[in-house]
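K.L.:
Here the protein sequences come in this chain order: A and B.
Heads up, the first sequence stops at 330 in the numbering used here, and the numbers go up one at a time, no gaps.
Heads up, the second sequence stops at 369 in the numbering used here, and the numbers go up one at a time, no gaps.
Positions of the beta carbon are idealized from the N, C-alpha and C atoms, including for glycine.
Have a look at the structure that comes next, please.
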Amino acid sequence: MKNQEQALLEVKGLKTYFYMDDNKVAKAVDDVAFTINKGETLAIVGESGSGKSITSLSIMRLIQSPPGKIVEGSISLEGKDLLKLSEREMMKVRGNDIGMIFQEPMTSLNPVFTIGNQISESLMKHKKMKKKEAYNKAIDLLKLVGFARAEEIVNEYPHQLSGGMRQRAMIAIAMSCDPKLLIADEPTTALDVTIQAQILDLMVQMKEKFESSILLITHDLGVVAEVSDRVLVMYGGQVVEEATVHELFTNPKHPYTNGLLASIPNIDADVERLESIPGSVLPAHRFPKGCRFAPRCKHVMDKCRESNPDLLETETNHKVRCYLYED
Amino acid sequence: MHGHGRALVLSLRRNVEMHKYITRRILQFIPMLFLVTVLVFALAKAAPGDPLTGERLDPNIDPEVYEIRREALGLNDPLPVQYWNWLSSVATGDFGKSLQYTGRTVMELIQARIWNTFYLSLFALGVTLAIAIPIGIYSANRKYSLFDYGATTFAFLGLATPNFFAGLLAIYVFSLTLGWFPAQGTTTAMSLTGFELFIDKLRHLVLPGFTLGLASTAAYMRYMRTEILEVKGSDFIRTARAKGLSNESVLYKHTLRNALIPIITLLGLEFGTLLSGAIITERVFNYPGLGTLFLNAIQNRDYPVIMAINLILAVTILIGNLLADIFYAIVDPRIRYD
Chain A
4 MKNQEQALLE VKGLKTYFYM DDNKVAKAVD DVAFTINKGE TLAIVGESGS GKSITSLSIM
64 RLIQSPPGKI VEGSISLEGK DLLKLSEREM MKVRGNDIGM IFQEPMTSLN PVFTIGNQIS
124 ESLMKHKKMK KKEAYNKAID LLKLVGFARA EEIVNEYPHQ LSGGMRQRAM IAIAMSCDPK
184 LLIADEPTTA LDVTIQAQIL DLMVQMKEKF ESSILLITHD LGVVAEVSDR VLVMYGGQVV
244 EEATVHELFT NPKHPYTNGL LASIPNIDAD VERLESIPGS VLPAHRFPKG CRFAPRCKHV
304 MDKCRESNPD LLETETNHKV RCYLYED
Chain B
32 MHGHGRALVL SLRRNVEMHK YITRRILQFI PMLFLVTVLV FALAKAAPGD PLTGERLDPN
92 IDPEVYEIRR EALGLNDPLP VQYWNWLSSV ATGDFGKSLQ YTGRTVMELI QARIWNTFYL
152 SLFALGVTLA IAIPIGIYSA NRKYSLFDYG ATTFAFLGLA TPNFFAGLLA IYVFSLTLGW
212 FPAQGTTTAM SLTGFELFID KLRHLVLPGF TLGLASTAAY MRYMRTEILE VKGSDFIRTA
272 RAKGLSNESV LYKHTLRNAL IPIITLLGLE FGTLLSGAII TERVFNYPGL GTLFLNAIQN
332 RDYPVIMAIN LILAVTILIG NLLADIFYAI VDPRIRYD
């Protein structure tokens, strides 16, 4: 358990803004802070537009600039502030200390290079391997992520593989340099349900084998329940609730979290209509003055519209950003 | 070793597939070629008048004589017979005799000029690629910079300027005013040999070459810029960056390799553009190539020459398309060979 307490990644006061043509500023990520411990799987949950993907891209410093910019905060990986590194130093972190997989396995691999080529590339870059050595290592990695025909797959092109197979290949690339952290941005969203479980299972296996941590970005609470240790719920570019996975499912506090949990269909309940949260996430340049969830909240009070509550630890290891829990 | 054996078998299988594909494309080329000969023949026949039309106006010649000559030339035979006679001699490389340059075969006339046109087109193509690709890439990487706006302006000017006008302007500025390059012909003096001759010929190619390449350069600059920008936004480029690859590696390996696929396909079609452009350009620079011969032949109703050059143009375009298909199959692994 001691190992679990050691922080791997600490994000503090992260603000990533997008500057739009008409002088508007979209505060896509606004004062986000969290910690990922060694060996831990942290999930960030939220709807589209909640800022979860921008958070993960900010950690990799892959925000398109312009229009995007990380304006404030610190992201430290084992004490090293990634935001202070030069671009050249950051390249040594990407793919080496932090591996990343994406939502769209169909388009995330380069169509004109073989799978082997695309795995070898990381190894040659970060591990200074020779071509031949990297090629053999690519075969080993493909076997590791569950390809029985690794010797053939290594010479195949992405279009010859199915979506699930491509995501396995992406995991092989991400894990190739033995990263400390794997960021998975909606890794199963584009896959069949049966394949989803396999990919999640593989990610957990890889995490254990390589003793790494996982930052899982998802909107699917089922996925969260399956693999994560702790959960961060994001809304409107901010963290609205943070708790262990068990705590979050048994004792959700924030009205938004409650809404998310209520909208999971229950097979036993005989209901005419599925639950949903009314309205949708406002675009980031039109966030309201007070609590960002106020326009959709069932429990909205006057002061919610006036000012934005702080993220407070109301119980041990359980933080929530809501006036309902502030005394 | 087992693994490499299988890998080898796989790559061989792909090679065999590709060879089959290329063979099939070449076989498809044959009926197309046949169709082209029919068209070339039909077009020549459909044009008003025949080789004797001009002469018939001469009142001193008995119309009987024309009939005898028409009979002798085979112009009174049924069309399919005429076509067959023409095709069978063309197949042996015999395009007949020129009507305009008496006593000279069409083949001689073409042989004396075709290389000039080839060098001119090659020079123009070289200019196009050497300028358009680097500038397109640079423009895309500095989208909306001063350089990008400059390149865009140049591209639109280049596309909007007709060949003959650009040619005249080039002659006026670089030949008459500055005196840097010769304005016409292929060589200055016949006495030059070896390297000096080569340099002299090259100097003569500069103005017509740039003129001919201008529009294509402008167009390819835009294609290249657009393609690079499009590929740069792809998910796999984000993956490449997430792997920690350098900007150079992301650009020259991952982006360029994908962006060049449509460009290579377009290059196959460029053959036709170059040859038709050469017709005007050669005339402006009084450059002795196929284009000049073609225009003269049209003015003089020199049908054997017209048909021969038409055929050469059509076959070149067909070959260009064939090459485009083959290159496409080589550079894009997603092409299915069936």
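Can you tell me where the beta strand (DSSP E) holding ALA29 of chain A begins and where it ends?
P.N.:
For the purposes of this step, residue 29 of chain A is identified with residue 26 of the first sequence, where counting begins at 1. Looking at the DSSP string, the run of the beta strand (DSSP E) that includes ALA29 of chain A is 28 to 40.
K.L.:
Output yes or no for whether 8 Å exceeds the beta carbon distance between VAL226 of chain A and MET206 of chain A.
P.N.:
Walking along the first sequence from the start, residue 226 of chain A turns up at place 223. Walking along the first sequence from the start, residue 206 of chain A turns up at place 203. In this structure, MET206 of chain A does not lie closer than 8 Å to VAL226 of chain A by Cβ.
K.L.:
Helix, strand or coil, according to DSSP, for ILE66 of chain A in the structure here?
P.N.:
The sequence position of residue 66 of chain A within the first sequence is 63, counting from 1. Of the three classes helix, strand and coil, the one that applies to ILE66 of chain A here is coil, per DSSP.
K.L.:
I need the straight-line Cα distance from HIS257 of chain A to ILE267 of chain A, nearest angstrom please.
P.N.:
For the purposes of this step, residue 257 of chain A is taken as residue 254 along the first sequence, with counting starting at 1. For the purposes of this step, residue 267 of chain A is taken as residue 264 along the first sequence, with counting starting at 1. Cα-Cα distance, rounded: 16 Å.
K.L.:
Run down chain B in chain order and give the residues with a C-beta less than 9 Å from the C-beta of PHE105 of chain A.
P.N.:
Residue 105 of chain A sits at position 102 when you count from the first residue of the first sequence. Result: ASP266, ARG269, THR270 and ALA273.
K.L.:
State yes or no: is the beta carbon of SER277 of chain B nearer than 8 Å to at least one beta carbon in chain A?
P.N.:
Here residue 277 of chain B corresponds to residue number 246 of the second sequence, with the count starting at 1. It does: the Cβ of SER277 of chain B has a partner Cβ on chain A nearer than 8 Å.
K.L.:
Using a Cβ-Cβ cutoff of 9 Å, what residues of the stretch 147 to 163 of chain A are near chain B? List them in chain order.
P.N.:
Hits within the stretch, in order: ARG152, ALA153, GLU154, GLU155, VAL157, ASN158, GLU159, TYR160, PRO161, HIS162 and GLN163.
K.L.:
Closer than 8 Å by C-beta to GLU261 of chain B: which residues in its own chain qualify, once you throw out the five before and the five after it? Chain order, please.
P.N.:
Here the question's residue 261 of chain B lines up with position 230 in the second sequence. These residues qualify, in order along the chain: ALA290.
K.L.:
Report the residue from A:LYS301, A:LEU80, A:ARG171 and A:ALA137 whose alpha carbon sits nearest the alpha carbon of GLY149 of chain A.
P.N.:
Mapped onto the first sequence, residue 149 of chain A falls at position 146. The shortest C-alpha separation from GLY149 of chain A is found at A:ARG171.
K.L.:
Would you list, in chain order, the members of the stretch 216 to 238 of chain A that have their beta-carbon closer than 8 Å to a beta-carbon of chain B?
P.N.:
Result list empty, no residue passes.
K.L.:
With DSSP run on the structure shown, which of helix, strand or coil describes TYR259 of chain A?
P.N.:
Stepping through the first sequence from its first residue, residue 259 of chain A is reached at position 256. The answer is helix: DSSP assigns TYR259 of chain A an H, G or I state.
K.L.:
On a CA-only basis, which of B:ALA273, B:PHE241, B:ALA103 and B:LYS174 is nearest LEU199 of chain B? Give me that one, please.
P.N.:
Start at 1 with the first residue of the second sequence, and residue 199 of chain B comes out as number 168. Checked all of B:ALA273, B:PHE241, B:ALA103 and B:LYS174; the closest Cα to LEU199 of chain B is B:PHE241.
K.L.:
Short of 6 Å in beta carbon distance, which residues of its chain neighbour PHE126 of chain B, apart from the five on each side in sequence? Order them along the chain.
P.N.:
Here residue 126 of chain B refers to the residue found at position 95 of the second sequence. Answer for PHE126 of chain B: VAL137, MET138, PRO335 and ALA339, listed in chain order.
K.L.:
Can you tell me which of the three DSSP states ILE141 of chain B falls into?
P.N.:
By one-based count along the second sequence, residue 141 of chain B stands at place 110. Of the three classes helix, strand and coil, the one that applies to ILE141 of chain B here is helix, per DSSP.
K.L.:
Does the beta carbon of HIS129 of chain A come closer than 8 Å to any beta carbon on chain E?
P.N.:
Among the chains of the structure shown, chain E does not appear; the protein chains present are A and B.
K.L.:
How would you label MET32 of chain B, buried or exposed, when you count the other beta carbons within 10 angstroms and need 16 or more for buried?
P.N.:
Taking the first residue of the second sequence as 1, we reach residue 32 of chain B at position 1. Its pLDDT being 42, under 50, MET32 of chain B is placed unreliably by the model, and nothing is read from it.
K.L.:
Taking the CB atoms as reference points, tell me whether THR218 of chain B and LYS232 of chain B lie closer together than 8 Å.
P.N.:
Along the second sequence, read from residue 1 onward, the residue named residue 218 of chain B stands at position 187. Along the second sequence, read from residue 1 onward, the residue named residue 232 of chain B stands at position 201. The answer is yes: Cβ separation under 8 Å.
K.L.:
Where does SER77 of chain A sit, in a helix, a strand or coil, going by DSSP?
P.N.:
As a working note, residue 77 of chain A is residue 74 in the first sequence. Reduced to three states, the DSSP call for SER77 of chain A is strand.
K.L.:
To which residues of the same chain is ALA153 of chain A closer than 7 Å at the C-beta, ignoring the five residues directly before and after it?
P.N.:
On the first sequence, position 150 is the one that residue 153 of chain A refers to. The answer, listed in chain order, is ILE142, LEU145 and LYS146.
K.L.:
Against chain B, with Cβ distances strictly below 8 Å, would LEU1 of chain A count as a contact?
P.N.:
Shown here, chain A extends from 4 to 330; a query on residue 1 of chain A therefore has no answer.
K.L.:
May I ask you to list the residues that DSSP assigns as paired with ALA46 of chain A?
P.N.:
On the first sequence, position 43 is the one that residue 46 of chain A refers to. Note: ALA46 of chain A sits in a beta bridge opposite A:LEU219 and A:VAL234.
K.L.:
Taking only three categories from DSSP, how would you classify VAL242 of chain A?
P.N.:
Taking the first sequence and counting its residues from 1, one reaches residue 242 of chain A at position 239. Reduced to three states, the DSSP call for VAL242 of chain A is strand.
K.L.:
Shorter than 8 Å from the beta carbon of PRO364 of chain B to some beta carbon of chain A?
P.N.:
Indexing the second sequence from 1 puts residue 364 of chain B at position 333. Chain A contact via Cβ: present.
K.L.:
At what residues does the beta strand (DSSP E) containing ILE186 of chain A begin and finish?
P.N.:
One-based indexing of the first sequence puts residue 186 of chain A at position 183. Segment 184 to 188, the beta strand (DSSP E) holding ILE186 of chain A.
K.L.:
To test your reading of the DSSP string, which unbroken alpha helix (DSSP H) runs of 4 or more residues are found completely within the stretch 246 to 313 of chain A?
P.N.:
If we require 4 residues or more, the alpha helix (DSSP H) runs fully inside the stretch 246 to 313 of chain A come out as 248 to 253, 258 to 265 and 305 to 309.
K.L.:
Which value, in whole angstroms, describes the spacing of the CA atoms of ALA309 of chain B and ARG173 of chain B?
P.N.:
Within the second sequence, residue 309 of chain B is the residue found at index 278, counting from 1. Within the second sequence, residue 173 of chain B is the residue found at index 142, counting from 1. Cα to Cα, ALA309 of chain B sits roughly 34 Å from ARG173 of chain B.
K.L.:
Taking CB distances under 8 Å as the criterion, tell me whether LEU65 of chain A reaches chain B.
P.N.:
Here residue 65 of chain A is taken as the residue at index 62 of the first sequence, counted from 1. Answer yes: the Cβ-Cβ gap between LEU65 of chain A and chain B drops below 8 Å somewhere.
K.L.:
Return helix, strand or coil for THR148 of chain B, following the three-state DSSP convention.
P.N.:
Numbered from its first residue, the second sequence carries residue 148 of chain B at position 117. THR148 of chain B: helix per DSSP, three-state reduction.
K.L.:
Considering only C-alpha positions, which residue in the set A:MET23, A:LEU60, A:GLN106 and A:ASP33 is nearest to THR221 of chain A?
P.N.:
As a working mapping, residue 221 of chain A is identified with position 218 in the first sequence. Ranking the options by Cα distance to THR221 of chain A, first place goes to A:GLN106.
K.L.:
Cβ atoms of PHE296 of chain A and VAL243 of chain A: under 8 Å apart, would you say?
P.N.:
Sequence index remark: in the first sequence, residue 243 of chain A carries index 240 (1-based). Sequence index remark: in the first sequence, residue 296 of chain A carries index 293 (1-based). Closer than 8 Å, so yes.
K.L.:
If ILE47 of chain A sits next to MET237 of chain A, beta carbons under 8 Å apart, how far is it from one beta carbon to the other, in whole angstroms?
P.N.:
As a working mapping, residue 47 of chain A is identified with position 44 in the first sequence. As a working mapping, residue 237 of chain A is identified with position 234 in the first sequence. Yes, ILE47 of chain A and MET237 of chain A are in contact; Cβ-Cβ is about 6 Å, under 8 Å.
K.L.:
Just curious, the beta strand (DSSP E) that LYS322 of chain A is in, first and last residue?
P.N.:
Stepping through the first sequence from its first residue, residue 322 of chain A is reached at position 319. That run of the beta strand (DSSP E) goes 321 to 323.
K.L.:
Can you tell me which of the three DSSP states TYR22 of chain A falls into?
P.N.:
Sequence index remark: in the first sequence, residue 22 of chain A carries index 19 (1-based). Reduced to three states, the DSSP call for TYR22 of chain A is strand.
K.L.:
Is GLY275 of chain B near ARG97 of chain A, with beta carbons less than 8 Å apart?
P.N.:
On the second sequence, position 244 is the one that residue 275 of chain B refers to. On the first sequence, position 94 is the one that residue 97 of chain A refers to. In contact: GLY275 of chain B and ARG97 of chain A (Cβ atoms closer than 8 Å).
K.L.:
With three or more C-beta pairs closer than 8 Å as the rule, is the stretch 293 to 305 of chain B touching the stretch 350 to 359 of chain B?
P.N.:
Output reads yes: the stretch 293 to 305 of chain B touches the stretch 350 to 359 of chain B.
K.L.:
Rounding to the nearest angstrom, what Cα-Cα distance links PRO70 of chain A and ASP356 of chain B in this structure?
P.N.:
Against the first sequence, residue 70 of chain A aligns to sequence position 67. Against the second sequence, residue 356 of chain B aligns to sequence position 325. When rounded, the distance between both Cα atoms is 40 Å.
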